[in-house]
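K.L.:
A single structure is presented below for examination.
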Amino acid sequence: MAKSRSPRRQRRRIYQTPHHRRGKLLSAHLSPRYLEDRKVNYPRSLPLRKGDTVRVMRGSHEGEEGKVSDVDRNGIRVFVDGVTVSKADGTEVGKPIHPSNLMITKLDMTDPWRKRLIDRAGEES
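Numbering of the sequence shown is given in this note's numbering, commencing with residue -6 and proceeding in unit increments.
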């Protein structure tokens, strides 16, 4: 009989994931605008990277849009320009957001890996 996957074990597995596999955990869904594009068959989600434009879908900053300024692979969080919180001393710092609460509205296509990925997805259909 298979062992049950309790939330504790699932969480532990995420936090113990090796660094080279954490990039996949930093994936967010693409905007429907990309999925409706018939010329290119885009995948449903892609790993986030610096330079992408995203919209916050959940939380106190819901609806805000900005560029990804930093990606924290260790904490599995993303920082977006314009999404900040104020500290007790009044300074503004970026608020870490989980990638599942974001939607990619504009891709940064300067990365050749991404271009190959989308070209490959277009060939399959």
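No residue lacks a Cβ here, since even glycine has one placed at the ideal position from N, Cα and C.
Run through the DSSP bridge pairs and tell me what V76 is partnered with.
P.N.:
Answer is none; V76 lacks a bridge partner.
K.L.:
Find out if the Cβ-Cβ distance for the pair D45, K88 is shorter than 8 Å.
P.N.:
Contact flag unset, no.
K.L.:
Whole angstroms are fine: how far does the CA of G52 sit from the CA of N94?
P.N.:
The straight-line gap from Cα to Cα measures roughly 8 Å.
K.L.:
In the DSSP assignment, the alpha helix (DSSP H) including I7 goes from what residue to what residue?
P.N.:
Unbroken alpha helix (DSSP H) run through I7: 0 to 8.
K.L.:
Need the endpoints of the beta strand (DSSP E) that L28 sits in, please.
P.N.:
Run containing L28: none in the beta strand (DSSP E); it sits in the alpha helix (DSSP H), 25 to 28.
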